[in-house]
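Here the protein sequences line up with chains S and V, keeping their order.
When the first sequence is numbered by our numbering, its final residue is 118 and no position is left out of the sequence of numbers.
When the second sequence is numbered by our numbering, its final residue is 238 and no position is left out of the sequence of numbers.
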Amino acid sequence: MELLAIVTVKFFATVREAVGTRSTEIEAEDIKSLLEKLKTSYGKRFIETVIDEETDKLKRFYQCMVNGKRIELLDGYDTLLQDGDSVALFPPVGGG
Amino acid sequence: MYDFNEKDQVKLSETTVSMVGAGGIGSPVLRLLASLGFGRIRIIDGDKVELSNIQRQNIYNTADIGKKKAECAAANLSLMNPEVKFIPIVQRIDDKNAQEVLKGSDLIVDGLDSFSARHSVNRVSVKFQIPYIFAGAVEYFANLSSFIPGKTGCLSCVMGAAKDNPDSTAAKIGVSPELLSVVAGIEAREALLVTLKRKANLAGKLMTIDINTLSFDIFDIARSDTCNICGESGPKE
Chain S
23 MELLAIVTVK FFATVREAVG TRSTEIEAED IKSLLEKLKT SYGKRFIETV
73 IDEETDKLKR FYQCMVNGKR IELLDGYDTL LQDGDSVALF PPVGGG
Chain V
2 MYDFNEKDQV KLSETTVSMV GAGGIGSPVL RLLASLGFGR IRIIDGDKVE
52 LSNIQRQNIY NTADIGKKKA ECAAANLSLM NPEVKFIPIV QRIDDKNAQE
102 VLKGSDLIVD GLDSFSARHS VNRVSVKFQI PYIFAGAVEY FANLSSFIPG
152 KTGCLSCVMG AAKDNPDSTA AKIGVSPELL SVVAGIEARE ALLVTLKRKA
202 NLAGKLMTID INTLSFDIFD IARSDTCNIC GESGPKE
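Encoded structure:
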């Protein structure tokens with residue numbers, strides 16, 4: 023059986039408030055499965071903050087990056103993860 | 002300062018900075034840009050001063066309420082540093098006016114309150130190769146980066162087509178005045194480093210701040226070859 027990648031997930035701003043931690047290490051094959059594991063680990067508050075109920079994907083105002091690249095520029099939710107990857111979850115802040 | 006000499010000061014005095022937005026972020030940044038001695042500062046903002054602004058927009062006084070921000074800011078800052086040439090531009094920046102307003106700037110510093118305006122600024126930054134110090138803030142959170150055309154990615158590489166969340170505006174959930182001063186200090190520092198052709202600390206990085214927990218994080222961000230603004234598939238002249 024192939025081993026899953028162990029990646030570091032960093033949370034920022036409202037996502038950090040929802041999960042109560044700055045980062046975590048998690049085993050996942052791709053972004054889709056990583057989000058599923060985060061939903062299970064952090065439960066209702068994470069889901070309500072970050073996940074769009076209708077699409078089961080990130081809400082439109084949240085972003086996910088793998089090693090500094092938005093997943094939209096990679097393979098989206100099918101982006102495969104490698105050992106040691108750094109995943110960031112955050113809401114771009116546009117006020118001023 | 003051990004690493005700042007008269008030649009550097011002259012360089013600042015010969016520099017034209019465009020400060021886009023003279024609100025919560027723009028106000029404290031403008032004070033710093035003026036005190037650092039940037040020679041020409043364009044102050045671009047189409048709004049008027051309101052009573053609710055005064056709590057955080059610290060270049061205005063109650064006597065300014067109802068007047069145009071760009072003009073009040075220029076007048077008030079001239080009292081602080083009459084050597085600086087302030088150029089008030091009473092316009093809300095958008096795709097129609099961004100080129101005309103920003104052309105000829107050496108540097109763009111962000112004090113905007115919307116992503117739509119920032120996308121307009123970003124396109125001009127890339128087109129005319131003008132470095133763009135980006136910052137956004139709401140509630141206790143901020144994000145910042147320095148985009149140097151030709152060296153780093155652009156706003157679009159990092160934020161994509163990010164749109165404004167109507168539930169997450171300063172008007173709706175507020176913004177901490179202390180956060181704005183911290184953001185302003187970092188933006189002014191980046192502006193100075195970029196102008197003096199030194200390595201900007203936030204080039205190729207995204208900084209996030211949570212002033213409520215005093216958390217500062219910086220992570221690497223990458224340029225996108227497929228970016229529709231600065232990538233190979235981007236707009237061509």
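For each residue, glycine too, the CB sits at the ideal point set by N, CA and C.
Closest to residue i by CA distance: which of the options is it?
| i | options | result |
| --- | --- | --- |
| residue 94/V | 68/V, 178/V and 112/V | 112/V |
| residue 84/V | 25/V, 5/V, 10/V and 171/V | 10/V |
| residue 129/V | 168/V, 48/V, 101/V and 185/V | 101/V |
| residue 170/V | 213/V, 154/V and 140/V | 140/V |
| residue 203/V | 178/V, 181/V and 149/V | 149/V |
| residue 19/V | 39/V, 164/V and 127/V | 39/V |
| residue 80/S | 56/S, 63/S, 102/S and 49/S | 56/S |
| residue 99/S | 112/S, 78/S and 26/S | 78/S |
| residue 151/V | 232/V, 163/V, 68/V and 217/V | 232/V |
| residue 115/V | 77/V, 160/V and 80/V | 160/V |
| residue 69/V | 12/V, 208/V, 3/V and 54/V | 54/V |
| residue 131/V | 105/V, 146/V, 145/V and 143/V | 105/V |
| residue 95/S | 162/V, 180/V, 7/V and 173/V | 162/V |
| residue 89/V | 63/V, 82/V, 76/V and 57/V | 76/V |
| residue 29/S | 85/S, 38/S, 39/S and 52/S | 52/S |
| residue 54/S | 101/S, 113/S and 106/S | 101/S |
| residue 227/V | 118/S, 91/S, 115/S and 108/S | 91/S |
| residue 115/S | 4/V, 165/V, 41/V and 120/V | 165/V |
| residue 174/V | 28/V, 138/V and 35/V | 138/V |
| residue 40/S | 66/S, 97/S, 118/S and 76/S | 66/S |
Please check the pair residue i and residue j, which I expect to be a contact at CB under 8 Å, by giving their CB distance rounded to whole angstroms.
| i | j | result |
| --- | --- | --- |
| residue 136/V | residue 188/V | 5 Å |
| residue 240/V | residue 184/V | Because chain V is modelled from 2 through 238, residue 240/V falls outside the range shown and cannot be assessed. |
| residue 218/V | residue 83/S | Contact flag wrong, Cβ pair sits at about 19 Å. |
| residue 33/V | residue 186/V | 7 Å |
| residue 78/V | residue 146/V | About 26 Å separates the two Cβ atoms, so there is no contact after all. |
| residue 12/V | residue 196/V | 6 Å |
| residue 36/S | residue 71/S | 6 Å |
| residue 21/V | residue 122/V | 6 Å |
| residue 74/S | residue 89/S | 24 Å between Cβ atoms; not a contact. |
For residue i and chain S, any beta-carbon pair shorter than 8 Å?
| i | result |
| --- | --- |
| residue 47/V | no |
| residue 186/V | no |
| residue 70/V | no |
| residue 113/V | yes |
| residue 238/V | Annotation note: pLDDT 48 at residue 238/V (below 50); position unreliable, coordinate value reported separately. Not an interface residue. |
| residue 169/V | yes |
| residue 44/V | no |
| residue 128/V | no |
| residue 222/V | yes |
| residue 227/V | yes |
| residue 116/V | yes |
| residue 62/V | no |
| residue 217/V | no |
| residue 200/V | no |
In chain order, what residues of the same chain lie with their CB nearer than 7 Å to the CB of residue i, ignoring the 5 residues before and after it?
| i | result |
| --- | --- |
| residue 73/V | 50, 61 and 65 |
| residue 212/V | 141, 177, 179, 180 and 183 |
| residue 92/V | 45, 47, 98 and 102 |
Determine whether the Cβ of residue i lies closer than 8 Å to any Cβ atom of chain V.
| i | result |
| --- | --- |
| residue 112/S | yes |
| residue 34/S | yes |
| residue 22/S | Chain S is shown only over 23 to 118; residue 22/S falls outside these bounds and no answer can be derived. |
| residue 115/S | yes |
| residue 76/S | no |
| residue 68/S | no |
| residue 91/S | yes |
| residue 118/S | yes |
| residue 95/S | yes |
| residue 102/S | no |
Counting only the same chain and skipping the five closest in sequence on each side, list residues whose C-beta sits under 6 Å from that of residue i.
| i | result |
| --- | --- |
| residue 107/V | 16 and 17 |
| residue 110/S | 32 and 87 |
| residue 61/S | 69 |
| residue 104/S | 27 |
| residue 194/V | 201 |
Leaving aside the five residues before and after residue i along the sequence, list all residues of the same chain whose C-beta is less than 8 Å from its C-beta, in chain order.
| i | result |
| --- | --- |
| residue 124/V | 96, 99, 230 and 236 |
| residue 63/V | 52 and 55 |
Practice item. Quick one: which unbroken alpha helix (DSSP H) runs of 4-plus residues sit fully inside the segment 9–55 of chain V? Chain order, please. Key: 27–37
Check your understanding: Which parts of the segment 107–142 of chain V are runs of the beta strand (DSSP E), unbroken and 3 residues or longer, counting only runs that do not cross its ends?
Key -> 108–111 and 133–139
**Study point:** In chain order, each alpha helix (DSSP H) run of at least 4 residues that lies wholly inside the segment 153–215 of chain V
**Key:** Secondary structure in the segment 153–215 of chain V: the alpha helix (DSSP H) runs of 4 residues or longer, each lying completely within the stretch, are 156–160, 171–174 and 178–196 in chain order.
Check your understanding: Could you give the uninterrupted runs of the beta strand (DSSP E) lying entirely in the segment 62–106 of chain S, keeping only those of 3 residues or more?
Key -> 85–88
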